[in-house]
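Chemist: My questions all concern the structure below.
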């Protein structure tokens, strides 16, 4: 789909020789120290594309209707004709050194489930060389604190376990349980002249499309911003260990698109793998950050006292606390007690139902099966 019918309106008027900021989004480039990047572009000439009627490799397929600014959305990058595609630096100090950032403006989470034209779709046209080992993108809320918290992380790794697409989130510097999809199940990502990635934000989560194929969904693991405003799109310069990313970004589009997901989602990784909400476990957030083992003990004692009334006749609740965190998990006696705690403790703590991991879901299923075989009704499972 990326080589049919060039759209002559896909180019924006040039305003200067330097990158500029188009109306609406803000663009932040921290460093670009690879002067040879322009020589690594796949060698398809514009004249040849015009004469052959093909879409230039740096542009989106005309079928996507993303080649120009419209009421549905706008091109965030590039901002001028002839602007060099973005590449990460060759020797970054860390993932922030030379990263590329864009604001995704006017995101309204309250309208994701309605028929409004709220911005919900980001599209990226890129090239990942055959020899590239990995690249990644992050989508975060404005209060990400240096990307310590990330709503959505997309990371193809060509040489890990035969090639894996890793999708994840990060909450206060802690990565979640990754969703891994073999690259063999996806359209070609590495070594292709140009590839299109589309991420759609829905009420359920982040839907991921590679070359039009719905390959994964990361169901929401963290609360989206409450108010309408921008999200942050980041292309890191390296991984967490300083190993440089290797890819090239031609074009970024942001706007509204109707859901691209089909009715049959049975083959989409991450869709309804498990019930995402614990019936009895609560997530208490917004607490002062703790750093030491004595502080962990004090936090655990505080949670046990505060939620004791919801622990049944014996007041027994299970509390999980980690160092360097601002949250705690509390498991109460029953789902009814959890619902009561949500109401009664709302004025004292920020409390929500906790989301369970796939591992926890499997543990619960196994425990329930073993209990059923023994004729025991078991509605709880221990957790760390």
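In this note's numbering, the protein residues as written are 3 to 386.
All C-beta atoms in this analysis are idealised placements derived from N, C-alpha and C, irrespective of residue type, glycine included.
Here the structure is a predicted model, which is why all the values come from computation and not from measurement.
Check each candidate in 114, 106 and 255 and name the one with the smallest Cα separation from residue 79.
Modeler: By 1-based counting over the chain shown, the position of residue 79 is 77. For the residues 114, 106 and 255, the minimum Cα distance to residue 79 belongs to 255.
Chemist: Find the nearest neighbour of residue 179 within the set 195, 153 and 121, judged by alpha-carbon distance.
Modeler: Taking the chain shown and counting its residues from 1, one reaches residue 179 at position 177. Closest by alpha carbon: 153.
Chemist: Based on Cα-Cα distance, which residue from 355, 82 and 375 lies nearest to residue 223?
Modeler: Start at 1 with the first residue of the chain shown, and residue 223 comes out as number 221. Cα-wise, what sits closest to residue 223 is 355.
Chemist: If you draw a straight line from the C-alpha of residue 341 to the C-alpha of residue 374, how long is it?
Modeler: Taking the chain shown and counting its residues from 1, the one referred to as residue 341 is at position 339. Taking the chain shown and counting its residues from 1, the one referred to as residue 374 is at position 372. Rounded to whole angstroms, residue 341 to residue 374 spans 27 Å at the Cα level.
Chemist: On a Cα-Cα basis, can you pick out the residue from 196, 161, 372 and 147 that is closest to residue 176?
Modeler: Position 174 of the chain shown, counting from 1, holds the residue named residue 176. Distance check between residue 176 and each of 196, 161, 372 and 147 places 147 closest, using alpha-carbon atoms only.
Chemist: Tell me the rounded alpha-carbon separation between residue 294 and residue 172.
Modeler: What you label residue 294 is simply residue 292 of the chain shown in a count that begins at 1. What you label residue 172 is simply residue 170 of the chain shown in a count that begins at 1. Taking the straight line joining both Cα atoms gives about 22 Å.
Chemist: Verify whether the separation of the beta carbon atoms of residue 258 and residue 119 is less than 7 Å.
Modeler: In the chain shown, residue 258 corresponds to position 256, counting from 1. In the chain shown, residue 119 corresponds to position 117, counting from 1. Cβ distance < 7 Å, so residue 258 and residue 119 count as in contact.
Chemist: May I ask you to list the residues that DSSP assigns as paired with residue 77?
Modeler: Here the question's residue 77 lines up with position 75 in the chain shown. Note: residue 77 sits in a beta bridge opposite 255.
Chemist: So what's residue 159 in DSSP terms, helix, strand or just coil?
Modeler: One-based indexing of the chain shown puts residue 159 at position 157. Residue state, collapsed to three classes: strand.
Chemist: Are residue 111 and residue 226 closer than 7 Å when you measure CB to CB?
Modeler: The sequence position of residue 111 within the chain shown is 109, counting from 1. The sequence position of residue 226 within the chain shown is 224, counting from 1. Contact flag set, yes.
Chemist: Pull the bridge partners of residue 319 from the DSSP assignment, please.
Modeler: Within the chain shown, numbered from 1, the residue matching residue 319 stands at position 317. Answer is none; residue 319 lacks a bridge partner.
Chemist: By DSSP, does residue 186 sit in helix, in strand, or in coil?
Modeler: Here residue 186 refers to the residue found at position 184 when the chain shown is read from its first residue. Reduced to three states, the DSSP call for residue 186 is helix.
Chemist: Residue 252 to residue 129, Cα distance in whole Å?
Modeler: Position 250 of the chain shown, counted from the start, is the residue given in the question as residue 252. Position 127 of the chain shown, counted from the start, is the residue given in the question as residue 129. Each residue's alpha carbon lies about 8 Å from the other.
Chemist: For residue 301, name the three-state secondary structure that DSSP assigns.
Modeler: Numbered from 1 along the chain shown, position 299 holds the residue referred to as residue 301. Helix at residue 301.
Chemist: On the CB-based measure, 16 or more other CB atoms within 10 Å of its CB, does residue 198 come out buried or exposed?
Modeler: Stepping through the chain shown from its first residue, residue 198 is reached at position 196. Per the 10 Å Cβ criterion, buried.
Chemist: What's the C-alpha gap between residue 93 and residue 245?
Modeler: Counted from its first residue, the chain shown places residue 93 at position 91. Counted from its first residue, the chain shown places residue 245 at position 243. Computed Cα separation, rounded: 8 Å.
Chemist: Here's a check: name, in chain order, each residue in its chain whose Cβ is nearer than 7 Å to the Cβ of residue 329, leaving out the five neighbours to either side.
Modeler: By one-based count along the chain shown, residue 329 stands at place 327. These residues qualify, in order along the chain: 285, 286, 287 and 289.
Chemist: Which one of 318, 58 and 72 has the shortest CA to CA distance from residue 195?
Modeler: Indexing the chain shown from 1 puts residue 195 at position 193. Selected option, being the one with the closest Cα: 58.
Chemist: Roughly how many angstroms lie between the CA atoms of residue 160 and residue 134, to the nearest whole one?
Modeler: Locating residue 160 in the chain shown gives position 158, counting from the first residue. Locating residue 134 in the chain shown gives position 132, counting from the first residue. Whole-angstrom Cα-Cα distance: 7 Å.
Chemist: Rounded to whole angstroms, what's the CA-CA distance from residue 15 to residue 86? Just pull it up for me.
Modeler: Counted from its first residue, the chain shown places residue 15 at position 13. Counted from its first residue, the chain shown places residue 86 at position 84. Because residue 15 carries a pLDDT of 37, less than 50, the predicted location of this residue cannot be relied on, and no value is offered for it.
Chemist: Indicate the three-state DSSP secondary structure (helix, strand or coil) for residue 221 in the structure shown.
Modeler: Numbered from its first residue, the chain shown carries residue 221 at position 219. Correct three-state label for residue 221: strand.
Chemist: Return the chain-ordered list of same chain residues with a C-beta closer than 6 Å to the C-beta of residue 74, the five sequence neighbours on each side being excluded.
Modeler: Position 72 of the chain shown holds residue 74. Excluding positions up to five away in sequence, the list reads 257 and 258.
Chemist: May I have the straight-line CA-CA distance separating residue 122 from residue 309, to the nearest angstrom?
Modeler: If you number the chain shown from 1, residue 122 lands on position 120. If you number the chain shown from 1, residue 309 lands on position 307. So the two alpha carbons sit approximately 38 Å from each other.
Chemist: Quick test of your reading: residue 239 and residue 91, contact by CB under 8 Å. State the CB separation rounded to the nearest angstrom.
Modeler: Working through the chain shown from its first residue, we reach residue 239 at position 237. Working through the chain shown from its first residue, we reach residue 91 at position 89. That pair is a contact at about 6 Å.
Chemist: Give the straight-line distance between the Cα atoms of residue 267 and residue 218, rounded to the nearest whole angstrom.
Modeler: Within the chain shown, numbered from 1, the residue matching residue 267 stands at position 265. Within the chain shown, numbered from 1, the residue matching residue 218 stands at position 216. Going by the C-alpha atoms only, they are around 10 Å apart.
Chemist: Going by CA-CA distance only, name the one from 182, 97 and 158 that's closest to residue 236.
Modeler: Position 234 of the chain shown, counted from the start, is the residue given in the question as residue 236. Residue 236 has its Cα closest to that of 97, out of 182, 97 and 158.
Chemist: Could you check which residue in 306, 327, 311 and 326 has the C-alpha nearest to that of residue 320?
Modeler: Counting from 1 along the chain shown, the entry for residue 320 is found at position 318. Closest by alpha carbon: 306.
Chemist: Please look up how many angstroms separate the CB atoms of residue 208 and residue 220, rounded, as I've assumed it's under 8 Å.
Modeler: The residue given as residue 208 occupies position 206 in the chain shown. The residue given as residue 220 occupies position 218 in the chain shown. Indeed, because the Cβ distance is near 5 Å, the residues count as touching under 8 Å.
Chemist: Taking the beta strand (DSSP E) that residue 166 falls in, what are its first and last residues?
Modeler: Taking the first residue of the chain shown as position 1, residue 166 is located at position 164. Unbroken beta strand (DSSP E) run through residue 166: 166-173.
Chemist: Flag this pair as yes or no: are the beta carbons of residue 165 and residue 185 separated by less than 7 Å?
Modeler: If you number the chain shown from 1, residue 165 lands on position 163. If you number the chain shown from 1, residue 185 lands on position 183. The Cβ-Cβ distance between residue 165 and residue 185 falls below 7 Å.
Chemist: Start and end of the alpha helix (DSSP H) containing residue 248?
Modeler: Start at 1 with the first residue of the chain shown, and residue 248 comes out as number 246. Where residue 248 is concerned, there is no enclosing alpha helix (DSSP H), given that its DSSP letter is neither H nor E.
Chemist: Between residue 125 and residue 200, is the Cβ-Cβ spacing less than 7 Å?
Modeler: Here residue 125 refers to the residue found at position 123 of the chain shown. Here residue 200 refers to the residue found at position 198 of the chain shown. Result yes, Cβ atoms of residue 125 and residue 200 sit closer than 7 Å.
Chemist: Roughly how many whole angstroms lie between the Cα atoms of residue 169 and residue 315?
Modeler: Here residue 169 refers to the residue found at position 167 when the chain shown is read from its first residue. Here residue 315 refers to the residue found at position 313 when the chain shown is read from its first residue. Spanning the two alpha carbons is a distance of roughly 42 Å.
Chemist: Does the distance from the C-beta atom of residue 261 to that of residue 205 stay below 7 Å?
Modeler: By 1-based counting over the chain shown, the position of residue 261 is 259. By 1-based counting over the chain shown, the position of residue 205 is 203. Contact flag unset, no.
Chemist: Return helix, strand or coil for residue 236, following the three-state DSSP convention.
Modeler: To locate residue 236, count along the chain shown from 1; it is residue 234. Three-state DSSP puts residue 236 in a strand.
Chemist: Measure the Cβ-Cβ separation of residue 89 and residue 250 and say whether it is below 7 Å.
Modeler: In the chain shown, residue 89 corresponds to position 87, counting from 1. In the chain shown, residue 250 corresponds to position 248, counting from 1. Yes, Cβ-Cβ distance for residue 89 and residue 250 is below 7 Å.
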